[in-house]
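Protein chains in written order, with this note's numbering: chain A, 1 to 201; chain B, 1 to 201; chain C, 1 to 201; chain D, 1 to 201. A short worksheet on the structure shown next.
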DNA sequence: AATGAATGAGGGTTCATTCAT
DNA sequence: TATGAATGAACCCTCATTCAT
């Protein structure tokens, strides 16, 4: 019956929502499965029908968020007529940074869960769904640019670490400068990295 | 009495040593205060006479490690006659990366405790002791170079995030490449960043 | 409808088979009703249509096994021309011991379920089915022997306790001696008991 | 301080007493550590300071009981002037059976815990204390009798299984006969076994 | 008759923290 | 100062049982 499946989906969603709120508010470690179930108005045991443990529900949440974020960024990029590789990368980074700026909750969530690793994985590795992901798109972008790079994969890795390491700190603490002051310097750094990794002919 | 103070220091050191070993071996979360006290051959209650909780002892440990690491790097730099700013930065980064490579325990410790933030703080902010720290030395280095930078503090911040984000991953997982393959690409990136942040005259 | 009854019997059998395998493998305590139903490819709720709980299905299983074991032993005895009472008893005991030796699973099952009591009941008391059981046959054997015993029922009880108490231990742990070394000593003891219980004329 | 040790001993005793009562009343499986602690008026966690789990406290209890029982039986034997080996064995068996008859609680306890195995171990193997145990005394008795046996250890094993298997059933259910009717038949059987295991010269 | 989602009590276990000694 | 026994809340997880479908 579709009816039952519908209900199950809804329950799962309720659990995901509760977990998200609690992880964001109290942090991952300080949230118990009891808490999640209670907030979702279910019995504790019911949680286990949907997720094996806290880690699974967290990773699930992060995957969803990362997927959405990236899909939006990609859509936005397609609406533009940016063709230069570096500009495209900057556009996507900027889109994501802005998104985080607007949606501090998401940022807090990922930060409070100490799970940048998982987030990066979700961004970089094929998600459960068989859709495009950043990795794939990036490779297409690389293929279309006339430039050649020493090691494009490592380059992406470094850019993500740089942006993913700096931005949360800046956005959450306004240190060492505000995000608006920071952005041009960051993008300059990204441009420099890309430029520097081009193969010398 | 200096004697009593001496004894206290020694006990504190025993606790710190025990905690370090346990955090490194079993991870921060899986180490209890009981464990630490037992390994230090003290009663559980005694722990509370020296540290408020696990978090305090962890942060203390990290500060010490970071301090030592940096002092060593600085000493090593003084033994050389490198004068160029960028080269100096690279030298220090490389020293630290090599130290981590040799001393995986420290890397594991910081990584297992998910406490890069604390480590970076220790590196960047004045430590409890009134000694020199990276921040100070860095400012001296900046002062001595003829180049001018948009925002030296932000530049250091970005470099630390880049190196501190990438290296643990690479060293612990050999992905996306081995640390030896990675180093030249990383240092190239650092050079690019520094170059790109120079004020255009 | 015989058809529906047929189906029910089959489902019941599937449950019994699953339970036997699981009890044998994981032990009684560690097997849940969920496990049994899953292994029988049924819904959990269905279990309750056939058995009240785990204990009922366990006792049912033991009865079946004991019944079969005994029927086989009796058949084997009929194939021989042993007429002496004591020899007949020893033959049956030996048959059952050998059967357990060959079929460690059954032994493990009964042993893991700590249910010798149930097994002995099944052997001694009329089973649910209205067939012959050990008790009946034993009485016939007693009737045919010229000897008279103080209390034949008690004698059988003691023999079963002796054999049923010793053999599992010996077979499963090889202590205090191996089953092959043990058998002659045991049968000697059984012969002594029978001899000793004969009425003095 | 003796004071603290005294208190600890008392607490342990309270736990042992509570456990004994509960195991006897509700059975081992149906007794939780919570129950035991509650009945002993302690916090649940305190239980774990004294015993690792339910099994340990049960075995501890059984050891104590078996030890006491045997020490009493031995004392009683020394008060008599029975010198014949078989008579000595029967005396001890009878003493223990009588003790069980008088003290049904102990019998129930062992029976409800399905732990004849542990009880027999306690009777047969050296206990934690470095005192005499049945095994040792038995060997002395064997040494002093002029008769020789095929395998004295196996003989003891069989006797214990026979008595330990039959008596609880008889005492708790009065089946197949009352314990008073049963005793002479049982002792006759024991005598027969001993006689039958003597080496033929 | 059959299902399996939902329940929630209950299990064992850990551990930060307190406090009398 | 130092101890370590005692606490009891909190954790995760299991599972027999119910009941709407």
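Backbone N, C-alpha and C define an ideal beta-carbon position, used for all residues, glycine too. Keep in mind the model is a prediction, meaning the values are calculated, not measured.
- [ ] Have a look at 184/D, 173/D and 189/D and flag the residue whose alpha-carbon is nearest the alpha-carbon of residue 155/D.
- [x] Numbered from 1 along the fourth chain, position 155 holds the residue referred to as residue 155/D. Out of 184/D, 173/D and 189/D, 189/D has the C-alpha closest to the C-alpha of residue 155/D.
- [ ] Measure from the alpha carbon of residue 21/C to the alpha carbon of each residue in 43/C, 6/C and 108/C, then state which is nearest.
- [x] Position 21 of the third chain holds residue 21/C. Of the listed residues, the one whose Cα sits closest to residue 21/C is 108/C.
Open item on the list: Counting C-beta neighbours from all protein chains within 10 Å, is the total for residue 83/A 16 or more, i.e. buried, or is it exposed?
Closed with: Here residue 83/A refers to the residue found at position 83 when the first chain is read from its first residue. Label assigned to residue 83/A: exposed.
- [ ] Could you work out which residue in 195/D, 185/D and 104/D is closest to residue 145/D when comparing CA atoms only?
- [x] Counting from one through the fourth chain, the residue named residue 145/D turns up at place 145. Ranking 195/D, 185/D and 104/D by Cα distance to residue 145/D puts 195/D first.
Open item on the list: Within 10 Å of its beta-carbon, does residue 48/D have 16 or more other beta-carbons around it, so buried, or fewer, so exposed?
Closed with: In the fourth chain, counting from the first residue as 1, residue 48/D sits at position 48. The residue in question, residue 48/D, is exposed, as its Cβ has fewer than 16 Cβ neighbours within 10 Å.
TODO: May I ask you to report which of helix, strand or coil DSSP gives residue 7/D?
DONE: Counting from one through the fourth chain, the residue named residue 7/D turns up at place 7. In this structure, residue 7/D counts as helix in the three-state DSSP scheme.
Open item on the list: So residue 154/C contacts chain D; which residues on that side make the cut at Cβ distance below 7 Å?
Closed with: Taking the first residue of the third chain as position 1, residue 154/C is located at position 154. By Cβ distance, chain D contributes 176, 177, 182 and 185.
- [ ] Any chance you could list the beta strand (DSSP E) runs of at least 3 consecutive residues sitting entirely within the region 126-196 of chain C, in chain order?
- [x] Listed in chain order, there is nothing to give.
Task: Option in 163/D, 121/D, 60/D and 19/D with minimal Cα separation from residue 95/D - done: Numbered from its first residue, the fourth chain carries residue 95/D at position 95. Answer by Cα proximity: 163/D.
Open item on the list: Suppose you measure from the CA of residue 26/A to the CA of residue 51/B; what does that come to, to the nearest Å?
Closed with: On the first chain, residue 26/A is found 26 positions in, with the first residue counted as 1. On the second chain, residue 51/B is found 51 positions in, with the first residue counted as 1. Their Cα atoms are separated by approximately 24 Å.
Task: Residue-chain proximity (residue 196/B, chain A), Cβ-Cβ < 7 Å - done: The sequence position of residue 196/B within the second chain is 196, counting from 1. Yes - at least one Cβ of chain A is within 7 Å of the one on residue 196/B.
Task: Helix, strand or coil at residue 198/C [DSSP, three-state] - done: As a first step, residue 198/C must be located in the third chain, where it is residue number 198. Residue state, collapsed to three classes: strand.
- [ ] Report, in whole angstroms, the separation of the C-beta atoms of residue 193/A and residue 158/A, which I expect to be a contact under 8 Å.
- [x] Translated into positions along the first chain, residue 193/A becomes position 193. Translated into positions along the first chain, residue 158/A becomes position 158. With a beta-carbon spacing of about 6 Å, residue 193/A and residue 158/A fall inside the 8 Å limit used to define contacts.
Open item on the list: Taking beta-carbon pairs under 8 Å, can you tell me which members of the region 137-169 of chain C lie near chain D?
Closed with: Those residues of the region 137-169 of chain C that come within reach of chain D (Cβ to Cβ, closer than 8 Å) are 150, 151, 153, 154, 155, 157, 158, 161, 162, 164, 165, 166 and 169.
- [ ] Label residue 24/A either buried or exposed according to how many other C-beta atoms from any shown protein chain fall within 10 Å of its C-beta, with 16 as the threshold for buried.
- [x] Numbered from its first residue, the first chain carries residue 24/A at position 24. The residue in question, residue 24/A, is buried, as its Cβ has 16 or more Cβ neighbours within 10 Å.
- [ ] Please classify residue 81/B: does DSSP put it in a helix, a strand, or coil?
- [x] By one-based count along the second chain, residue 81/B stands at place 81. The answer is coil: DSSP assigns residue 81/B none of H, G, I, E or B.
- [ ] Determine the burial state of residue 148/D: buried for a count of at least 16 other Cβ atoms within 10 Å of its Cβ, exposed for fewer.
- [x] Numbered from its first residue, the fourth chain carries residue 148/D at position 148. Classification for residue 148/D: exposed.
Open item on the list: Quick check on residue 52/B: does DSSP put it in helix, strand or coil?
Closed with: Residue numbering aside, residue 52/B sits at position 52 when the second chain is read from its first letter. It is coil, neither helix nor strand.
- [ ] Starting from the beta carbon of residue 192/D, find every residue of chain C whose beta carbon is closer than 7 Å, and list them in chain order.
- [x] Taking the first residue of the fourth chain as 1, we reach residue 192/D at position 192. Going along chain C in sequence order, the residues near residue 192/D (Cβ under 7 Å) are 192, 193, 195 and 196.
TODO: Can you give me the start and stop residues for the alpha helix (DSSP H) that residue 37/B sits inside?
DONE: Position 37 of the second chain holds residue 37/B. Element bounds for residue 37/B: 33-39.
TODO: For residue 15/A, count neighbouring C-beta atoms within 10 Å of its own C-beta (all shown protein chains included) and say buried if the count is 16 or more, exposed if not.
DONE: Counting from 1 along the first chain, the entry for residue 15/A is found at position 15. Buried, by the Cβ-count rule.
Task: Within-7 Å CB hit, residue 10/A to chain B - done: Counted from its first residue, the first chain places residue 10/A at position 10. In terms of beta-carbon proximity, residue 10/A stays away from the interface with chain B, with every pair separated by 7 Å or more.
Open item on the list: What does the Cβ neighbour count give for residue 183/D, buried or exposed, with the cut at 16 atoms within 10 Å?
Closed with: On the fourth chain, position 183 is the one that residue 183/D refers to. Residue burial annotation: residue 183/D is buried, with at least 16 other C-beta atoms found within 10 angstroms of its C-beta.
Open item on the list: Helix, strand or coil, according to DSSP, for residue 94/D in the structure here?
Closed with: Taking the first residue of the fourth chain as 1, we reach residue 94/D at position 94. Three-state DSSP puts residue 94/D in a helix.
Open item on the list: Less than 6 Å separating the Cβ of residue 63/D from some heavy atom of the ligand NAP?
Closed with: The ligand NAP is absent from the structure shown, which contains no ligand whatsoever.
Open item on the list: Is there a C-beta anywhere in chain A that falls below 7 Å from the one on residue 189/B?
Closed with: Translated into the one-based positions of the second chain, residue 189/B becomes position 189. Yes - at least one Cβ of chain A is within 7 Å of the one on residue 189/B.
TODO: Could you have a look at residue 75/A and say whether DSSP puts it in helix, strand or coil?
DONE: For the purposes of this step, residue 75/A is identified with residue 75 of the first chain, where counting begins at 1. Here residue 75/A sits in helix by DSSP.
- [ ] On a CA-only basis, which of 121/C, 186/C, 172/C and 191/C is nearest residue 176/D? Give me that one, please.
- [x] Here residue 176/D refers to the residue found at position 176 when the fourth chain is read from its first residue. It is 121/C.
TODO: Sort 102/B, 173/B and 86/B by Cα distance to residue 69/B and report the nearest one.
DONE: Numbered from 1 along the second chain, position 69 holds the residue referred to as residue 69/B. The shortest C-alpha separation from residue 69/B is found at 102/B.
Open item on the list: Can you tell me whether residue 18/D is buried or exposed? The criterion is at least 16 other CB atoms within 10 Å of its CB, across all chains shown.
Closed with: Start at 1 with the first residue of the fourth chain, and residue 18/D comes out as number 18. With 16 or more Cβ atoms within 10 Å of its Cβ, residue 18/D is classed as buried.
Task: Reference residue 30/B; option with closest CA among 153/B, 55/B and 187/B - done: By one-based count along the second chain, residue 30/B stands at place 30. Cα-wise, what sits closest to residue 30/B is 55/B.
Task: Best match in 185/A, 34/A, 89/A and 64/A for proximity to residue 135/A [C-alpha to C-alpha] - done: Within the first chain, the letter at position 135 stands for residue 135/A. Measuring from the Cα of residue 135/A, the nearest candidate turns out to be 89/A.
- [ ] Using alpha carbons as the reference points, say which of 77/D, 12/D, 174/D and 100/D lies closest to residue 46/D.
- [x] Within the fourth chain, numbered from 1, the residue matching residue 46/D stands at position 46. It is 12/D.
TODO: Pick helix, strand or coil for residue 20/C, following the three-state DSSP scheme.
DONE: Here residue 20/C refers to the residue found at position 20 of the third chain. Shown here, residue 20/C sits in a helix according to DSSP, grouped into three states.
Open item on the list: Measuring only the C-alpha atoms, how far is residue 9/A from residue 57/A?
Closed with: Taking the first chain and counting its residues from 1, the one referred to as residue 9/A is at position 9. Taking the first chain and counting its residues from 1, the one referred to as residue 57/A is at position 57. Rounded to the nearest angstrom, the two C-alpha atoms are 14 Å apart.
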